[in-house]
Amino acid sequence: MQALYAQLLVGLINGSFYALLSLGLAVIFGMLNIINFAHGALYMMGAFVAYFLLNLGGINYWWALLLAPIIVGIFGMILERTMLQWLTGLDHLYGLLLTFGIALIVQGVFQNYFGSSGLPYAIPDQLKGGMNLGFMFLPVYRGWVVVFSLVVCLATWFLIEKTQLGAYLRAATENPTLVRAFGINVPRMITLTYGLGVGLAALAGVLSAPINQVRPLMGADLIIVVFAVVVIGGMGSIMGSIITGFALGVIEGLTKYFYPEASNTVVFVLMVLVLLVKPTGLTGRAA
Amino acid sequence: MTTLTDDTLPASPRAMRDEMIVFVVMALLLASVPFTGVYPFFVMQALCFALLACAFNLLVGYGGLLSFGHAMFLGTAGYCSAHALKVWGLPPELGILVGVAAAFGLSVITGYISIRRQGIYFSMITLALSQLLYFIYLQAPFTHGEDGIQGIPQGHMFGVLDLSNATVLYYVVLAGFLAGFLLIFRIINSPFGEVLKSIRENEQRAISLGYRTDQYKFLAFILSGTLAGFAGSLKVFVAQNASLTDVHWSMSGEVVLMTLVGGLGTIFGPVVGAFVIIAMQQYLAGFGQWVTVIQGAIFVICVLTFRRGVIGEIAHYFRRSL
Chain A
1 MQALYAQLLV
11 GLINGSFYAL
21 LSLGLAVIFG
31 MLNIINFAHG
41 ALYMMGAFVA
51 YFLLNLGGIN
61 YWWALLLAPI
71 IVGIFGMILE
81 RTMLQWLTGL
91 DHLYGLLLTF
101 GIALIVQGVF
111 QNYFGSSGLP
121 YAIPDQLKGG
131 MNLGFMFLPV
141 YRGWVVVFSL
151 VVCLATWFLI
161 EKTQLGAYLR
171 AATENPTLVR
181 AFGINVPRMI
191 TLTYGLGVGL
201 AALAGVLSAP
211 INQVRPLMGA
221 DLIIVVFAVV
231 VIGGMGSIMG
241 SIITGFALGV
251 IEGLTKYFYP
261 EASNTVVFVL
271 MVLVLLVKPT
281 GLTGRAA
Chain B
1 MTTLTDDTLP
11 ASPRAMRDEM
21 IVFVVMALLL
31 ASVPFTGVYP
41 FFVMQALCFA
51 LLACAFNLLV
61 GYGGLLSFGH
71 AMFLGTAGYC
81 SAHALKVWGL
91 PPELGILVGV
101 AAAFGLSVIT
111 GYISIRRQGI
121 YFSMITLALS
131 QLLYFIYLQA
141 PFTHGEDGIQ
151 GIPQGHMFGV
161 LDLSNATVLY
171 YVVLAGFLAG
181 FLLIFRIINS
191 PFGEVLKSIR
201 ENEQRAISLG
211 YRTDQYKFLA
221 FILSGTLAGF
231 AGSLKVFVAQ
241 NASLTDVHWS
251 MSGEVVLMTL
261 VGGLGTIFGP
271 VVGAFVIIAM
281 QQYLAGFGQW
291 VTVIQGAIFV
301 ICVLTFRRGV
311 IGEIAHYFRR
321 SL
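Residue numbers (full-length UniProt numbering), protein chains in the order written: chain A, 1 to 287; chain B, 1 to 322.
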């Protein structure tokens, strides 16, 4: 049973990354109509920024948790201003191709300087060690990742669904022209939205740095799984993305325990099943 | 849905004539390669990728469906052909047939699944499906995992053509490429191709005119996947191996890049794009991962400033369809 709980925990952690990343993808898609292929690369950048902050600037994990998303978010906003904004009105596929190109550039540059092997990132002192829960041993850091991701996801949900700013955002998603007519600066909101989505990816990167090591290609394969998660959940609902992300992580964890051979394919297989049974996705509107 | 290019109007007799002239020039140029001293291996490799890009272009350029998983057809056909040639000891023509049949079967299954969603979802689904296959091939015993299938015998095609002779192999690959290219050319200019273009331009209108657009897209997907598989089978004879690189997502990305550079929705664009990208890889092979960076930069530049691609720009300038 110990092993089962351990795999469940790993599943929950992966689920937090899926949730954070698919949430960002959904928010960006809503405003920019772009599937951000660079999301995995920016997740990786988040981890690397945390690594640089610690090793070059002596800035600890807690500050990195705040600073890395801001730094990568600003980088994302520069990308949006200089490149993505010119795609407005073009076919969806150009957004995918452009961000794929950006992902190749970012990953290629990091691979040149850091190879393909992983760099270690130590768990902060406050989160070292573990707790005995009676039925299992819980490493504190892993528990922290799950709880903190959940809080961030719910905060994002609250921001978009329950606040004034979120209301503008949802309105601008539905009808940007009308919202502009009310005197709201929609292009600036689009830039900020991209920054927010990218910041969430970077945050996931920082969280994963002590668990998965810091590698140039850490986001490359992950983003494809996240795409499958997005196809399963649909991008219509914020809460849908969060729940689907965590649920798929857990299912993946269970698969690792019961049938390890299928652990890296189970999400894709589920995607196929969902497409066959309910082609619009579990929560999504028809696209 | 916005237009990809404005140069794919219904084929007029003049346009058809222009295209045939360019085709003949291209065929003659390629046929003369063995007499010019150009390294034939490079051209053969480029021809396989050119056919793959043309097959990919049939789907995206004329059907408006961006597949981000076309490497799965290339790789699947490659593995099956390689297995048939090496383990079963089949002659080359049957080896190719096995590979193409496998790609056909795969495209029926994956097409049935992915055609259910439109636009951006379609791209994500094809990418996820190809990643699924990547992991299956990574674990399946017959692909030999990381090593791949190596040392594949080239054999005698139809019992007479010795494919271990570089010149013979070159002409066989060239014949395969030209046959595939002509088939795609024929499909594009057929009534089926015209309906496909109308679906790309305005699917709702095509539906209201009574076309079952899903069936058209499904058929385009199968044709594209099967032809991509044919390219994969030919590539086995050139490279004499079948490995995981051919199924990896980066390969799917390269096919997209070739087509984008040459010109989405142009007839000759993917061929030019394939030669450009393969040549670039050849010359920059010593620069390690900078090749990836340059490929990424080309994507960015093409999307931002050069969406018609090389052939698309030329065709636009001369107001011709190419």
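A virtual CB, placed ideally from N, CA and C, is assigned to each residue, including glycine.
Assignment of residue 56(B) by DSSP, reduced to helix, strand and coil, places it in the helix class.
Taking 9 Å as the CB threshold, residue 94(A) lines the interface with chain B. Residues of the stretch 99-131 of chain B that bring their beta carbon within less than 8 Å of a beta carbon in chain A comprise 113, 114, 116, 117, 118, 119, 120, 121, 123, 124, 125, 127, 128, 129, 131, in sequence order. Taken through DSSP and simplified to helix, strand or coil, residue 287(B) comes out as helix. For residue 281(A), same chain residues with a beta-carbon under 7 Å away, outside a window of 5 residues either side, are 231, 232, 233, 234, 274 in chain order.
The beta carbon of residue 201(A) is closer than 6 Å to those of 21, 24, 39, 42, 43 in its chain, skipping five residues each way along the sequence. Just so you know, the alpha carbons of residue 82(B) and residue 214(A) end up roughly 37 Å apart.
In the DSSP assignment, the residues bridged to residue 149(B) are 242(B). In chain order, 42, 45, 198 place their CB closer than 8 Å to the CB of residue 75(A), counting only its own chain and leaving out the 5 sequence neighbours on each side. In the three-state DSSP reduction, residue 132(A) falls in the strand class (E or B). The stretch 59-72 of chain A makes no contact with the stretch 245-255 of chain B, as fewer than three CB pairs between them are under 8 Å.
The C-beta of residue 256(A) has 16 or more other C-beta atoms within 10 Å across all chains shown, which makes the residue buried. Relative to the Cα of residue 32(A), the nearest Cα in the group 155(A), 126(A), 262(A), 188(A) belongs to 188(A).
Taking a beta-carbon distance threshold of 9 Å, residue 68(B) counts as an interface residue toward chain A. Look at the stretch 289-300 of chain B: the residues with a C-beta under 9 Å from a C-beta of chain A are 289, 290, 291, 292, 293, 294, 295, 296, 297, 298, 299, 300. A residue is called buried when at least 16 other Cβ atoms come within 10 angstroms of its Cβ; residue 92(B) meets this threshold and is buried.
Proximity to residue 100(A) across 89(A), 115(A), 83(A), 261(A) peaks at 83(A), based on C-alpha coordinates.
Using a Cβ-Cβ cut-off of 7 Å, residue 139(B) is close to 261 of chain A, given in chain order.
Proximity to residue 26(A) across 166(A), 9(A), 238(A) peaks at 238(A), based on C-alpha coordinates. Inside the stretch 8-94 of chain B, DSSP marks whole alpha helix (DSSP H) runs of 4 or more residues at positions 13-31, 40-63, 71-86, from first to last along the chain.
Cβ neighbours of residue 143(B) within its own chain (closer than 6 Å, five residues either side excluded): 79, 137. For residue 210(A), the uninterrupted alpha helix (DSSP H) segment begins and ends at 186-212. Contact between residue 110(B) and residue 129(B) holds, with the beta-carbon distance rounding to 5 Å and staying under 8 Å. Looking only at 118(A), 139(A), 115(A), the smallest Cα-Cα distance to residue 125(A) is reached by 139(A). When DSSP reads this structure, residue 137(A) sits in a beta bridge with 132(A).
DSSP lists 157(B) as the beta-bridge partner residues of residue 161(B).
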